[in-house]
Amino acid sequence: MKSSAPPQTYRVKSFGCQMNVYDGERMAELLDQRGITPAPEGEEADLVVLNTCHIREKAAEKVYSDIGRLVKAGREAGKEPLIAVAGCVAQAEGEEIMARAPAVSMVVGPQAYHRLPEMLDRAVKGERSTDTDMPPIAKFDSLP
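When we follow our numbering, the leftmost residue of the sequence shown carries the number 5, and every step to the right adds one.
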């Protein structure tokens, strides 16, 4: 993967459950805090986050289809976007996504959304990264 200019615009595309809509909004807030703005409707974004839900039928194949469309549209527009795959499909299929889709810069699971900005920094340098770890969550320690 080659290095690229830092993205100026983004689009978060959420599929599936209500939690994904919420998570997509949180990721958008992280990008907003970095000064990256939502892409105007009808324009290609510099960064596209595909926020996925594994419950949907054929969810993984839909992700690969969307990646292909993004790459094609980017080539036609003369600029390929940085692509991140987030959510449950990213969690379940992270290594497979990185192997099958070289256009994907970042794969981030639901427990690692807060790391999206640092993963973006690596992507701009041309580095691909995956973070699908499921660290123990302290809030559950007090439950029986």
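Ideal placement from N, C-alpha and C gives every residue a C-beta, glycine not left out. Only a predicted model underlies this, so the values are computations on that prediction, with no experimental measurement involved.
Are the Cβ atoms of residue i and residue j separated by less than 7 Å?
i           : j           : result
residue 10  : residue 128 : yes
residue 93  : residue 134 : no
residue 136 : residue 78  : no
residue 34  : residue 120 : yes
residue 26  : residue 49  : no
residue 53  : residue 31  : yes
residue 123 : residue 110 : yes
In terms of residue numbering, what span does the alpha helix (DSSP H) encompassing residue i cover?
i           : result
residue 104 : 92 to 104
residue 125 : 120 to 128
residue 70  : 63 to 81
residue 36  : 22 to 37
Name the two residues that bound the continuous beta strand (DSSP E) containing residue i.
i           : result
residue 17  : 13 to 18
residue 133 : 133 to 135
residue 138 : Residue 138 -> no beta strand (DSSP E), and no H or E assigned at all.
residue 109 : 108 to 112
Tell me which same chain residues have a C-beta within less than 7 Å of the C-beta of residue i, skipping the five on either side of it?
i           : result
residue 71  : 87, 105, 107, 108
residue 96  : 58
residue 126 : 133
residue 85  : 48, 49, 50, 51, 52, 74, 78
residue 24  : 18, 55, 57, 91
residue 8   : 86, 128
residue 146 : Its pLDDT being 49, under 50, residue 146 is placed unreliably in this model, and the coordinates cannot settle the point.
Among the candidates the options, whose CA atom is the shortest distance from the CA of residue i?
i           : options          : result
residue 64  : 27, 90, 130      : 90
residue 29  : 118, 82, 76      : 118
residue 115 : 43, 138, 20, 123 : 138
residue 46  : 69, 81, 37       : 81
residue 20  : 62, 100, 131, 76 : 62
Considering only residues of the same chain and omitting the five flanking positions on each side of residue i, which have a CB-CB separation below 8 Å?
i          : result
residue 43 : 13, 14, 15, 49, 50
residue 38 : 121, 124
Enumerate in chain order the residues of its own chain whose CB-to-CB distance from residue i is below 6 Å, with the five nearest sequence positions on each side excluded.
i          : result
residue 83 : none
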